[in-house]
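K.L.:
304 is the number that the working numbering gives the last residue of the sequence shown; the numbers go up by one with no jumps.
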Amino acid sequence: MKKVLLDCDNTMGLDEKDVDDGLAFLFLLGREDINLMGVTSVFGNSSLEDTFSTTEKLLEDFALKDEIPHLKGAAEAGDYDTEAAKFLAEQAAENKNEITLIAIGPVSNLYGAWKIDNDFFKNLKEIIVMGGITSPLEIGDETIDELNFSCDPEAAEKVLKAEVPVAVMSGNLCLAARFGEKSWRRVNRSKNKPVRAYMKDKIEDWYEYSSEMIGLSGFYMWDVVNVVYMISPEIFPYNKRKIISTVEDLKHGIIKTDNADGMLADPAIINLPTTILDTKRFKDIAFAAWDNIEIIPEGYSDDD
Numbered sequence: 001m002k003k004v005l006l007d008c009d010n011t012m013g014l015d016e017k018d019v020d021d022g023l024a025f026l027f028l029l030g031r032e033d034i035n036l037m038g039v040t041s042v043f044g045n046s047s048l049e050d051t052f053s054t055t056e057k058l059l060e061d062f063a064l065k066d067e068i069p070h071l072k073g074a075a076e077a078g079d080y081d082t083e084a085a086k087f088l089a090e091q092a093a094e095n096k097n098e099i100t101l102i103a104i105g106p107v108s109n110l111y112g113a114w115k116i117d118n119d120f121f122k123n124l125k126e127i128i129v130m131g132g133i134t135s136p137l138e139i140g141d142e143t144i145d146e147l148n149f150s151c152d153p154e155a156a157e158k159v160l161k162a163e164v165p166v167a168v169m170s171g172n173l174c175l176a177a178r179f180g181e182k183s184w185r186r187v188n189r190s191k192n193k194p195v196r197a198y199m200k201d202k203i204e205d206w207y208e209y210s211s212e213m214i215g216l217s218g219f220y221m222w223d224v225v226n227v228v229y230m231i232s233p234e235i236f237p238y239n240k241r242k243i244i245s246t247v248e249d250l251k252h253g254i255i256k257t258d259n260a261d262g263m264l265a266d267p268a269i270i271n272l273p274t275t276i277l278d279t280k281r282f283k284d285i286a287f288a289a290w291d292n293i294e295i296i297p298e299g300y301s302d303d304d
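1. Going by the beta-carbon positions, is the gap between I244 and I270 smaller than 7 angstroms?
2. Determine the contact status of K217 and G180, defining contact as a CB-CB distance below 7 angstroms.
3. Provide the residue span of the beta strand (DSSP E) that contains S245, from first to last.
4. Can you name, in chain order, every residue of its own chain whose Cβ lies under 7 angstroms from the Cβ of S150, other than the five neighbours on each side?
5. I need the boundaries of the beta strand (DSSP E) containing K3, first residue and last residue.
6. Check whether the segment 184-198 and the segment 85-93 touch, using three or more Cβ-Cβ pairs below 8 angstroms as the test.
7. What did DSSP end up calling F282 once you bin it into helix, strand or coil?
8. If we count the other Cβ atoms within 10 Å of its Cβ and call it buried at 16 or more, is L88 buried or exposed?
9. Mapping the DSSP letters down to three states, classify A288 as helix, strand or coil.
10. Which whole-angstrom value describes the C-beta separation of D21 and I104, a residue pair presumed to lie in contact below a C-beta threshold of 8 angstroms?
11. Measuring only the C-alpha atoms, how far is K65 from V39?
12. In whole angstroms, what is the alpha-carbon distance linking R178 and A162?
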């Protein structure tokens with residue numbers, strides 16, 4: 001059983017806001033080999049108040065408010081003295097080298113936890129973080145801004161150079177994980193009717209809005225890449241690199257690397273996968289987890 005903490009900027013269910021954090025949460029909920037020990041919210045996709053309230057609603061929908069702790073974190077870069085940071089530091093200290101921390105928003109809460117306990121990173125088993133770009137992030141005719149590392153570059157530099165195995169799912173990598181027409185049809189034929197109906201309601205507006213924005217059907221499953229990587233790292237190429245990005249680079253989310261000697265647990269040594277080797281298997285793993293959710297969300301039933 002994997003012990004997992006999820007640090008996120010979830011906005012699934014808000015108008016014209018991304019749904020990937022929520023889908024990553026549902027993935028963890030559907031995995032029987034995952035012990036989700038807590039969720040921490042951070043600003044990013046929207047304000048902290050939005051990300052926190054949306055995640056509260058997600059927990060309520062699945063009757064998990066009393067089961068999974070949920071703590072409020074940073075409202076902006078530099079906001080490090082938070083309930084979320086304290087919770088992360090405490091959990092890592094109490095479960096040394098056992099916790100995988102999935103960080104899928106700005107990493108301010110992680111930096112805050114390190115400020116509380118300088119052994120925070122060393123107390124973790126691993127960090128899997130979504131963020132950064134290795135080259136301009138081009139979708140159609142548009143170049144997209146990086147929206148995680150650039151939100152708090154000082155915190156990003158600290159996390160990327162932490163003394164713990166760090167895997168980075170860059171924005172460029174995540175372009176291989178598109179939720180398109182076939183995935184949409186797959187939701188419609190899911191055997192898990194209550195969760196299928198819930199997912200449709202939560203993602204339909206974003207599916208249509210994103211399709212218009214990117215000029216392709218669907219949306220990119222940015223944060224779902226992190227949780228699938230945790231379960232099946234073998235479908236991603238191993239690419240050990242040394243981070244040489246400065247804070248100035250990270251203001252734009254730019255990941256600069258060099259050849260790496262040493263271990264992943266050494267400072268500034270990361271795994272930076274460049275693609276998804278088997279996108280069909282990637283989606284099979286994701287859908288299997290979503291279909292495996294046993295809790296019927298509030299307001300839904302097997303007749304939906």
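Ideal Cβ positions, reconstructed from N, Cα and C, are used throughout, including at glycine.
P.N.:
In short, the structure shows the following:
1. Cβ atoms of I244 and I270: not closer than 7 angstroms.
2. What sits at residue 217 in the sequence shown is Ser, not Lys. Contact: yes.
3. Per DSSP, S245 belongs to no beta strand (DSSP E) and is neither H nor E.
4. Sequence-distant Cβ neighbours of S150 in its own chain, meaning closer than 7 angstroms and more than five residues away, are L250, K251, H252, G253.
5. Note, K3: beta strand (DSSP E), 2-8.
6. Too few Cβ pairs lie closer than 8 angstroms, so no.
7. DSSP places F282 in helix when its eight states are reduced to three.
8. When all chains shown are included, L88 counts as buried.
9. For A288, the three-state secondary structure derived from DSSP is helix.
10. Going by Cβ atoms, the distance from D21 to I104 rounds to 6 angstroms, so yes, they are a contact pair.
11. K65 and V39: Cα-Cα distance of roughly 11 angstroms.
12. The alpha-carbon atoms of R178 and A162 are separated by roughly 30 angstroms.
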